[in-house]
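Colleague:
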Amino acid sequence: MSKNLVIVESPAKAKTIKKFLGNNYEVIASNGHVRDLPKSQLGIDVENDYEPKYITIRGKGDLLAKIRKEVKKADKVYLATDPDREGEAISWHLSKTLKLDEAKSSRITFNEITKNAVKSSIKQARDIDMNLVDSQQTRRILDRMVGYRISPVLWAKVKRGLSAGRVQSVALRIICDREEEINAFVPEEYWNLEAVFHIKGDKRPLEAKFNGYGSDKTVIHSEDELNDILNKLKDAEYKITEIKRGERQKKSPLPFTTSTLQQEAAKNLNFSTSKTMRLAQQLYEGVDVANHGTIGLITYLRTDSVRISEEADVAARDFITANYGGDFVADKEKSKDSGKKIQDAHEAIRPTYVDITPVALKESLSRDQFRLYQLIWKRFIASRMQPAKYETISVKIDGNGYRFSTSGSKLIFDGYMSVYTTEEDEKQNNLMLKDLTEDADLNLKEFNPSQHFTQAPAHYTEASLVKTLEELGIGRPSTYAPTISTILARRYVVKENKNLYVTELGEVVNNIMKQAFPSIVDVNFTVNLESLLDRVEDGSVAWKTVVRNFYPDLEAAVSQAEESLDEIKIEDEKTDVICEECGRNMVIKYGPHGKFLACPGFPDCRNTKPYLEKIGVACPMCGKDVVIRKTKKGRRYYGCENNPECEFMTWQKPSESRCPKCNGIMVEKGSSLVCNDEKCGCIVAKN
1 MSKNLVIVES PAKAKTIKKF LGNNYEVIAS NGHVRDLPKS QLGIDVENDY EPKYITIRGK
61 GDLLAKIRKE VKKADKVYLA TDPDREGEAI SWHLSKTLKL DEAKSSRITF NEITKNAVKS
121 SIKQARDIDM NLVDSQQTRR ILDRMVGYRI SPVLWAKVKR GLSAGRVQSV ALRIICDREE
181 EINAFVPEEY WNLEAVFHIK GDKRPLEAKF NGYGSDKTVI HSEDELNDIL NKLKDAEYKI
241 TEIKRGERQK KSPLPFTTST LQQEAAKNLN FSTSKTMRLA QQLYEGVDVA NHGTIGLITY
301 LRTDSVRISE EADVAARDFI TANYGGDFVA DKEKSKDSGK KIQDAHEAIR PTYVDITPVA
361 LKESLSRDQF RLYQLIWKRF IASRMQPAKY ETISVKIDGN GYRFSTSGSK LIFDGYMSVY
421 TTEEDEKQNN LMLKDLTEDA DLNLKEFNPS QHFTQAPAHY TEASLVKTLE ELGIGRPSTY
481 APTISTILAR RYVVKENKNL YVTELGEVVN NIMKQAFPSI VDVNFTVNLE SLLDRVEDGS
541 VAWKTVVRNF YPDLEAAVSQ AEESLDEIKI EDEKTDVICE ECGRNMVIKY GPHGKFLACP
601 GFPDCRNTKP YLEKIGVACP MCGKDVVIRK TKKGRRYYGC ENNPECEFMT WQKPSESRCP
661 KCNGIMVEKG SSLVCNDEKC GCIVAKN
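Residue numbers (the UniProt record's numbering): 1 to 687.
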């Protein structure tokens, strides 16, 4: 009997696959990549047509020796790494490192770790796809070039071991651009007007919102405008001019892609992108389940596709028919044309066994594994179900030519919502006025005016950043989580209450990148590179062509930046703060958390202290200086130097000017000063 060896990435995956194959199959894990570019140097031979110099990853020697022994015993070797570019590259590196005989080795892939999928993949064994390998290799080389050529420029400028990255630097710029938008945003006042009517013969009040005069939409900008409208409505008679009744449908959601899973897990479960991917990897590779053994619970987790296999589609529809009834089954398979390349034509993320419900797994999974599996399972089942149906009503009311309107809806068939709902679904207005007619006798009970101010754009969250990166075409499913993890780990960005905030360090790095390397942080440039990687994958562009066109421009930009930095030699800035240990004037230095004061007598004197930068404004509460401070995570704010005795603080830069309306604190917003009290809303131009 022939002896077969299957090589996968992880021990969990090896354990799951082993149970599907007979005794003549041995399954072993490589624990991820086995070789890579060296950490100590660029690792790309620029003089020799950009040949990469791969080395065995430190610590993998013993494992590789063990795998080589198994290879010698085997008649056939199957490389079963993940079904994407990176998985293809790992298989290629394994083949090269183990010096596998092409006649005796093959590549197999499966989108789900089930008995049928694994056995079917062996029947469809193929050669390694070098186009996929070259695409991944190009990405790795481009990222290495950017990181290893630009990072030293940052060290020279900021004097610390910072880093730049092809995708991370663009992500940082996107967050910085949003921060600038928020800081420059000047709120505008507006008023909402709600009328409460009493309908003769009906105890329920009818609440309607003001729309405008005639057919024109009117925005009420000030209290004066509001009072003018209220005066014109003083003696108005109100009548219903239109009642529209109807039905509307809310389509069932598409099954999860990597991006949408990360977004929904962040919103509903408060998971970071990295946590979502870690848990999904565990569910994909295999979990010990009571009465089932070790099984893979979901399909492959890195995908752009919403496609579902015919077998899985039939299984889901049968499950819905049996458990909810035939009326709940969707008419036909849902599809989505995004107009862009779908990575490897994968399936969407779905449960591998639709009949294994979340409840059946509760005792076998950790709390977080269970919550993520439940989200995936519910979303998939919902995607195969009928839309939710609502009965709707909209009412228009006229008073002296001014229009008010109200609308509502009532759920009449829950469809997919019997399985899966979002916050938006739960906020539905259930107003239904079945007996209302156009000749109803309306009496005005009261007006409820309310003052509001337009809101600045929201800070990015991990979920909204992933959505933006995907919409712009930056990165691929496998890159979203590591990109966000990197900028958080470098402390360029901090996360507070789900929101992402740029630190002082992040601002400095972003400004240098924009000045010295504008093309690297240009969104369109990065998107074009992604499309080139897709063309390498489909074989229409040679990988070295991409690198040959990229590196000379990068090298020229680095040389120019180095020259300009030499001209602008940054000396340590002296301060009037005296070192209490040696009497020298302390200087401003830059650390991983921003500026700090250090004694210039280092290493003889190692005294350091926090640097509190004054902004030239007196504290409005105690009269001492306002200084720039930072939260523990590194987010900048303005506070009193007398803290903690004085508790004054604001996120926006305060002004010495006081509010002309309420005498409150004014803060800078772009070219305007805005009262810090939102209820006041006073806005004046800067002097």
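A virtual CB, placed ideally from N, CA and C, is assigned to each residue, including glycine.
Could you check whether C176 and V502 sit closer than 7 Å to each other, using their CB atoms as the reference points?
Modeller: Yes, they are a contact pair.
Colleague: Taking DSSP's pairing of strands, which residues face I249 in a bridge?
Modeller: The residue you asked about is not Ile; residue 249 is Gln in the sequence shown. Answer by DSSP bridge pairing, in chain order: K389.
Colleague: In its own chain, which residues sit with a C-beta less than 6 Å from the C-beta of S259, not counting the 5 before and 5 after it?
Modeller: The residues are V466, E470.
Colleague: So, helix, strand or coil for Q451, using DSSP?
Modeller: In this structure, Q451 counts as strand in the three-state DSSP scheme.
Colleague: Considering only DSSP beta bridges, list what A496 is partnered with.
Modeller: At residue 496 the sequence reads Glu, which differs from the Ala that was named. BP columns for E496 point to N499.
Colleague: Using CA coordinates, which residue listed in D101, I182, N585, A117 is at the minimum distance from L21?
Modeller: Among D101, I182, N585, A117, the Cα nearest to that of L21 is on A117.
Colleague: Could you spell out where the beta strand (DSSP E) holding V27 opens and where it closes?
Modeller: That run of the beta strand (DSSP E) goes 25 to 29.
Colleague: Considering only the alpha carbon of each residue, which of V508, L301, K200 lies closest to I349?
Modeller: I349 has its Cα closest to that of L301, out of V508, L301, K200.
Colleague: Consult DSSP for P518 and reduce its assignment to one of helix, strand or coil.
Modeller: Three-state DSSP puts P518 in coil, outside helix and strand.
Colleague: Less than 7 Å between C-beta atoms, sequence neighbours within five positions excluded: which residues of the same chain meet that for L279?
Modeller: Counting only Cβ-Cβ distances below 7 Å, and skipping sequence neighbours, we find D368, Q369, L372.
Colleague: Suppose the cutoff is 7 Å on Cβ atoms and the five residues either side in sequence are ignored; what does the same chain contact list for K115 look like?
Modeller: Around K115: F20.
Colleague: For the beta strand (DSSP E) that L673 lies in, which residues bound it at each end?
Modeller: Residues 672 to 675.
Colleague: Shorter than 6 Å, the distance from the beta carbon of K96 to the closest heavy atom of the ligand ADP, or not?
Modeller: With respect to the ligand ADP, the structure shown offers nothing to examine, as it has no ligands at all.
Colleague: Near K674, what residues of its chain come up, given a Cβ to Cβ distance below 7 Å and the 5 sequence neighbours on each side ignored?
Modeller: Reading off the sequence shown, one finds Val at residue 674, where the question assumed Lys. These residues qualify, in order along the chain: V186, P187, M666, V667, I683.
Colleague: Could you please give me the residues that DSSP links to P52 through a beta bridge?
Modeller: P52 pairs with I44.
Colleague: If you measure between the beta carbons of E438 and I240, is that distance less than 7 Å?
Modeller: Yes, these two residues count as a Cβ contact at 7 Å.
Colleague: Helix, strand or coil: how does DSSP classify C599 here?
Modeller: Coil, per DSSP.
Colleague: Which same chain residues end up closer than 6 Å to K498 when comparing Cβ atoms and leaving out the 5 residues on each side of it in sequence?
Modeller: So the qualifying residues of the chain are T461.
Colleague: Please report the distance separating the alpha-carbon of K209 from that of F197.
Modeller: Those two C-alpha atoms are separated by around 11 Å.
Colleague: Quick one: what does DSSP say I665 is sitting in, helix, strand or coil?
Modeller: Reduced to three states, the DSSP call for I665 is strand.
Colleague: Within 10 angstroms of its Cβ, does M417 collect 16 or more other Cβ (buried), or is it exposed?
Modeller: Its Cβ being crowded by 16 or more others within 10 Å, M417 is buried.
Colleague: Could I get the ranges of all uninterrupted alpha helix (DSSP H) runs contained in the region 156 to 217, with 4 residues as the minimum, in chain order?
Modeller: Fully enclosed alpha helix (DSSP H) runs of 4 or longer: 168 to 184.
Colleague: What is the DSSP secondary structure of R476, reduced to helix, strand or coil?
Modeller: Note: R476 maps to coil in three-state DSSP.
Colleague: Comparing C-alpha positions only, which one of L162, T454, G59, W377 sits nearest to V219?
Modeller: Nearest option by C-alpha distance: T454.
Colleague: Taking the alpha carbon of G286 as the reference point, which residue from S655, N31, A14 has its own alpha carbon closest?
Modeller: G286 has its Cα closest to that of A14, out of S655, N31, A14.
Colleague: Looking only at its own chain, which residues have a Cβ that is under 8 Å from the Cβ of I57, when we skip the five neighbours before and after it?
Modeller: Excluding residues within five positions, the ones whose Cβ falls inside 8 Å are H33, V34, R35, D36.
Colleague: By DSSP, does G22 sit in helix, in strand, or in coil?
Modeller: DSSP places G22 in coil when its eight states are reduced to three.
Colleague: What's the gap between the Cα of A112 and the Cα of H346?
Modeller: The question names Ala, yet the displayed sequence has Glu at residue 112. Going by the C-alpha atoms only, they are around 10 Å apart.
Colleague: For E404, which residues does DSSP report across the bridge?
Modeller: Checking the sequence, you will find Phe at residue 404 rather than Glu. Answer is F210, I397.
Colleague: Check whether the region 44 to 51 touches the region 71 to 85, counting contact only when three or more Cβ pairs, one atom from each stretch, lie closer than 8 Å.
Modeller: No contact exists between the region 44 to 51 and the region 71 to 85.
Colleague: Suppose contacts are defined by Cβ-Cβ distances below 7 Å. Is R384 in contact with R317 by that definition?
Modeller: Their beta carbons are under 7 Å apart, which means R384 touches R317 by this criterion.
Colleague: Is it buried or exposed for C582, if we count other Cβ within 10 angstroms and need 16 for buried?
Modeller: Exposed, since its Cβ has fewer than 16 Cβ neighbours within 10 Å.
Colleague: Do you know how far the Cα of Y611 is from the Cα of E563?
Modeller: Taking the straight line joining both Cα atoms gives about 30 Å.
Colleague: Can you check which of these residues, S120, E537, F525, is closest to N549 by C-alpha distance?
Modeller: Of the candidates S120, E537, F525, the one whose C-alpha sits nearest the C-alpha of N549 is F525.
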